[in-house]
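The next block holds one structure in the form of structure tokens; read it before the comments.
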Amino acid sequence: MKQAHTILIGAETYPPDINGAAQFGHRLATAMLGRGHEVHVVAASPMRGPSYRTTVEGGIVEHRLRSHLPPTHDTNRICIPWEIHFEVGHILDEVKPDVVHVQCHYIIGRALITQAHKRGIRVIATNHFMPANLDPFLPVPTPIKRVISKATWIDMRRCFSRAAVVTTPTQIGADAMRDLGGFTRPVMPVSNGIEIGDYELAEGATIDKAPSELRITFVGRLAQEKNIDVLIEALSLLPEHLNHVILDIAGGGELREELEKKAHDCGVSERVVFRGYVPDEDLPGVYQRADIFCQPGTAELQSLVSLEAMSASKPVVLANALALPHLVEDGVNGYLFEPNNARDLAHKLAAILSLPAAEREQMGRESRRIVDFHRADNTWRTFEELYVSDAPYDRFRHS
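The sequence shown begins at 1112 in our numbering and counts up one residue at a time.
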């Protein structure tokens, strides 16, 4: 019988935050609880006030730390290092976890790594972050952003040096940590994983959609690094025989008003649907109505939404940046386009939209084949092994 462990997950961002890292932390906690482990999560409080502890969702224990709303973001709250440093130590003394799994090197992750290291507790560190993710929230000139980026890489490398194993969602992300971040120790790629069956069309089910309708879909935050303005411009550049194509945008964020203006200026406002935030249970329907899924973002360490769309058997057009290329077999399940190049994006979208429906569906089936590698069960099993032994890491390095 598999031994149960006490696992403490440190999450810099966690629901109700809406982003890929927050979603992964929640899925990880839920999966480990379901696999018979005792699970604790340390994350920022989503509201003003003192730290507190609560038990949620069948037994996950959340330790929510006093937090503050930064001037550069409307929703995601942050902790102050000197307010939480010793409190994190008290949590570790109380919980006595077998392993601490941090999801970032910043404030909560750093405090947990430091305090766990003092107590001899095993630490696994997963990096979901690229310094470029910070750029939209830094109101400083580009040269200063470059200095901050370099300092961030150095800080990440130093902080993660005390972890037993360092992981990131993709090999491309691991390569970036080596080439850009100067990591000399190996970084193990472990996919964020996807529950593929959640996005497949149920047997016998149909989609309520007109046969002549063609729909490009984007799912995600309306944030600067997602480059949704490029996708809207590409829609306006599609050839005349595709001037009925709809762009379906699912997600909320700080740029909605700006993007609505972009659609108006490009003359396509009547063909762009802004759905706002879509609950998880409704996302499969959004993907199933798509003819193409597009991710124009250039700071993706994996792109869970792209995996979800591929699980729904959809062809994809993705930016040729960071981790996205590993999801595309060119011309087989979709295309890569030159980042921030609306004309190239329009060309790649048109290449798929102009195909007969049967050929688009075949590309979607190829997406479903490719995404099979990212089954969530493989991810949870790998982390379970890493929590107690470096052996899977060694096997991976020499395979």
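Every residue gets a Cβ at the ideal spot worked out from N, C-alpha and C, and that includes glycine.
List the DSSP bridge partners of residue i.
i     : result
P1300 : T1279
Y1163 : R1175
G1363 : In DSSP, G1363 forms no bridge with anything.
G1387 : A1361 and G1362
A1461 : None; A1461 has no bridge partner.
L1429 : Q1406 and L1447
E1149 : T1117
I1189 : H1179
A1453 : Paired residues: none, contrary to the question.
A1154 : A1122 and R1175
Tell me the residue span of the beta strand (DSSP E) that contains residue i.
i     : result
C1405 : I1403 to Q1406
I1120 : T1117 to A1122
R1233 : R1233 to T1237
G1445 : G1445 to F1448
V1511 : Any question about residue 1511 goes unanswered here, given that the chain covers just 1112 to 1510.
V1330 : R1326 to V1330
Would DSSP call residue i helix, strand or coil?
i     : result
H1228 : helix
I1485 : According to the sequence as given, residue 1485 is His; it is not Ile. Correct three-state label for H1485: helix.
E1477 : helix
I1305 : strand
L1342 : helix
E1440 : coil
I1559 : Any question about residue 1559 goes unanswered here, given that the chain covers just 1112 to 1510.
A1274 : coil
T1295 : coil
Y1310 : coil
L1333 : coil
M1241 : coil
V1199 : helix
I1218 : helix
D1204 : helix
V1499 : helix
S1347 : helix
F1494 : helix
D1319 : coil
H1352 : helix
L1136 : Looking at the sequence provided, one finds Gly at residue 1136 rather than Leu. Of the three classes helix, strand and coil, the one that applies to G1136 here is helix, per DSSP.
State yes or no: is the C-beta of residue i within less than 7 Å of the C-beta of residue j?
i     : j     : result
D1359 : V1384 : yes
A1410 : M1288 : no
V1439 : L1429 : yes
H1437 : I1283 : yes
T1493 : V1301 : yes
L1435 : F1448 : no
P1297 : Q1413 : no
S1422 : V1482 : yes
V1150 : A1140 : yes
H1216 : F1271 : yes
P1208 : L1346 : no
I1403 : I1463 : yes
L1116 : H1137 : Leu is not the amino acid found at residue 1116; the sequence shown has His there. No, these two residues do not count as a Cβ contact at 7 Å.
I1232 : P1192 : no
E1205 : R1177 : no
A1122 : Q1226 : no
Y1070 : Y1388 : No answer is possible for residue 1070: it lies beyond the span of the chain, which begins at 1112 and ends at 1510.
T1490 : G1308 : no
N1187 : V1341 : no
R1269 : G1293 : no
E1306 : A1420 : no
Tell me which same chain residues have a C-beta within less than 6 Å of the C-beta of residue i, skipping the five on either side of it?
i     : result
A1401 : R1326, T1328 and K1425
T1165 : E1173
H1196 : A1222
K1320 : R1400
N1446 : In the sequence under discussion, the amino acid at residue 1446 is Tyr, which differs from the Asn named in the question. Same-chain partners within the cutoff: V1428 and K1459.
P1126 : A1133 and H1137
Can you give me the Cβ contacts of residue i inside the same chain, cut-off strictly under 7 Å, excluding the 5 residues immediately before and after it?
i     : result
E1344 : C1377 and A1453
A1274 : I1224, V1234, I1235 and A1236
A1334 : P1247, G1364, E1365 and L1366
K1337 : G1331, P1407 and G1408
Q1134 : L1415
G1475 : S1424, K1425 and P1426
At which residues does the alpha helix (DSSP H) containing residue i begin and terminate?
i     : result
G1259 : Correcting the residue type first, residue 1259 is Ile in the shown sequence and not Gly. Looking at the DSSP string, the run of the alpha helix (DSSP H) that includes I1259 is T1253 to F1271.
M1421 : L1415 to S1422
V1397 : L1394 to Q1399
Taking 6 Å as the cut-off, does the CB of residue i come closer than this to any heavy atom belonging to the ligand SAH?
i     : result
H1201 : The model on display carries no ligand, and the ligand SAH is accordingly not part of it.
Tell me which residues share the same chain as residue i and place their Cβ nearer than 8 Å to its Cβ, disregarding the 5 neighbours each side in the sequence.
i     : result
A1461 : L1349, P1350 and L1353
F1161 : A small fix is needed here, since residue 1161 is Pro in this sequence, not Phe. Around P1161: R1177.
P1266 : It is Asp, not Pro, that sits at residue 1266 in the sequence shown. Contacts found: H1216.
S1156 : S1162, Y1163, R1175, L1176, R1177, S1178 and R1188
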